[in-house]
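Asker: Take 1 as the starting number for the sequence shown in my numbering and just add one per residue. Virtual Cβ for every residue (Gly too), placed ideally from N, Cα, C.
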Amino acid sequence: IEQRLHEANRQPSITLDGVAVPIRANIEKVDELQLVKDNCAEGVGLFRSEFLYLHNNHIPSEQEQYMAYKAAAESMGGDSVTIRTLDLGGDKPMAGNPDLFSVEANPFLGFRAIRFCLEHVDLFKDQLRAILRASAHGKVLLMYPMISGAGELERANAILDECRAELRRNGMPFDEDMQVGTMIEIPSAAATADILARKSDFFSIGTNDLIQYTLAIDRGNDRIAHLYEPTHPAILRVIHNVVAEAHKQKRKVSVCGEMASDPVYAALLLGLGVDELSMTPPLIASVKYLVRAMKMSDARALAGKALKMESPVEIYAMCEQFANERM
Ligand code: PEP
Ligand code: MG
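#1: Using the C-alpha atoms, what's the distance from T85 back to R4?
#2: Give me the residue from K92, H120, A225 and V264 with the minimum Cα distance to L283.
#3: With a threshold of 8 Å (Cβ to nearest heavy atom), would D218 be considered close to ligand 2?
#4: Less than 9 Å between the beta carbons of V255 and E229, yes or no?
#5: Would the segment 98-111 and the segment 167-185 be scored as touching if the rule is three or more Cβ pairs under 8 Å?
#6: For N324, name the three-state secondary structure that DSSP assigns.
#7: Pick helix, strand or coil for L46, following the three-state DSSP scheme.
#8: Please state the DSSP three-state secondary structure of L269.
#9: Could you check if P145 belongs to the surroundings of ligand 1, using beta carbon to heavy atom distance under 8 Å?
#10: For N26, which three-state DSSP category applies?
#11: Take M67 as the anchor and find which of L196, R251, A189 and R133 has the nearest alpha-carbon.
#12: If you compare alpha carbons, which of T207, I239, R223 and L142 is closest to E331?
#13: Any heavy atom of ligand 2 within a distance shorter than 8 Å of the CB on M294?
#14: Is the beta carbon of M259 within less than 8 Å of some heavy atom of ligand 2?
#15: Taking contact to mean at least 3 C-beta pairs separated by less than 8 Å, is the segment 266-276 in contact with the segment 291-301?
#16: Let me know the secondary structure DSSP gives T66 once reduced to three states.
#17: Which residue comes first and which comes last in the beta strand (DSSP E) that contains R84?
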């Protein structure tokens with residue numbers, strides 16, 4: 001079976017009825033770029049940039065970040081690299097910086113990600129300039145994590161515009177057309193997807209957090225892990241709505257949470273209309289195998305049926321059967 005997956009992985013990611021499904025890689029560090037290529041990813045769909053900060057517990061300079069993002073952009077050739085701006089806090093606390101992060105009763109509902117960046121504008125601008133400068137060396141996209149509504153997105157984009165102006169003044173090259181996307185991982189963002197789509201070039205759904213916040217289940221709490229159900233009807237409806245609103249405005253939707261990396265869920269996501277998937281590199285082969293073994297029309301029928309069902313367990317069983325019959 002390993003051999004079978006390995007061979008399929010060298011082939012294009014396209015369904016039996018001819019729909020191309022880009023499969024990209026999630027990475028945390030530049031030294032994973034070889035793994036991205038070895039596993040035949042079409043570029044990087046999620047570069048978790050906070051690991052530059054968590055490594056050695058150190059705040060990287062603009063130049064340090066630029067070197068890392070540039071390396072990623074160059075090594076992918078023409079394939080895209082989607083860099084997510086800093087997502088510290090929650091399950092990724094930065095220890096030893098009490099001046100930046102204080103102890104909170106509810107870190108997942110606390111001072112995290114874009115909330116932190118919008119209060120530490122100097123740190124945020126260092127990162128935004130580094131990403132913009134890297135965009136001169138390959139196909140770079142930028143996305144913001146943990147956006148809860150249009151206000152945050154507008155403020156982040158205004159700061160990004162200041163960075164563009166600064167670089168122009170200093171004669172530093174960057175891609176004027178760099179796409180800027182929004183991560184959908186908070187229910188309020190999902191519910192306002194129509195508004196956010198107007199202000200975003202693309203969406204990337206972070207199902208790890210979207211499920212956590214929609215179902216009120218701490219993603220890291222083993223005591224309630226059995227209640228963390230990606231096939232809960234609420235999750236299906238939320239994703240379906242986000243995709244519908246994005247597509248109305250011709251925006252593409254990717255899923256970069258762990259749901260994307262499991263063939264049982266991948267078919268369901270594609271059937272719900274998701275355009276692209278991004279996952280940890282070693283899991284690409286099995287998802288690509290399924291993509292190549294299924295028809296998109298069947299995945300759509302699967303999702304249509306799932307949307308009418310009530311039981312997460314039954315939806316899971318149906319999706320599992322769909323994958324098993326094809327793998
Ligand atoms: C997610 O929430 O699904 C996601 C991709 O982001 P992270 O796991 O880094 O929070
Ligand atoms: Mg997240």
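Answerer: Straight from the coordinates:
#1: As a working note, residue 4 is residue 4 in the sequence shown. As a working note, residue 85 is residue 85 in the sequence shown. For R4 and T85, the distance between alpha carbons rounds to 37 Å.
#2: As a working mapping, residue 283 is identified with position 283 in the sequence shown. Residue V264 is the option with its Cα nearest to L283.
#3: On the sequence shown, position 218 is the one that residue 218 refers to. False, no ligand heavy atom lies under 8 Å from that Cβ.
#4: As a first step, residue 255 must be located in the sequence shown, where it is residue number 255. As a first step, residue 229 must be located in the sequence shown, where it is residue number 229. Contact: no.
#5: no
#6: For the purposes of this step, residue 324 is taken as the residue at position 324 of the sequence shown. Reduced to three states, the DSSP call for N324 is helix.
#7: Translated into positions along the sequence shown, residue 46 becomes position 46. Note: L46 maps to strand in three-state DSSP.
#8: Taking the first residue of the sequence shown as 1, we reach residue 269 at position 269. It is helical.
#9: Along the sequence shown, one-based indexing puts residue 145 at 145. Result yes, Cβ under 8 Å from ligand 1.
#10: Translated into positions along the sequence shown, residue 26 becomes position 26. Strand.
#11: Here the question's residue 67 lines up with position 67 in the sequence shown. That would be R133, whose Cα lies nearest to the Cα of M67.
#12: Only positions 1 to 327 of the chain appear in this structure, which leaves residue 331 out of reach.
#13: Residue numbering aside, residue 294 sits at position 294 when the sequence shown is read from its first letter. No, the beta carbon of M294 sits no closer than 8 Å to any heavy atom of ligand 2.
#14: By 1-based counting over the sequence shown, the position of residue 259 is 259. Because no heavy atom of ligand 2 lies under 8 Å away, the Cβ of M259 does not count as near it: no.
#15: yes
#16: Residue 66 sits at position 66 when you count from the first residue of the sequence shown. Rather than Thr, the amino acid found at residue 66 in this sequence is Tyr. If DSSP states are grouped into helix, strand and coil, Y66 belongs with the helices.
#17: On the sequence shown, position 84 is the one that residue 84 refers to. First-last of the beta strand (DSSP E) with R84: S80 to R84.
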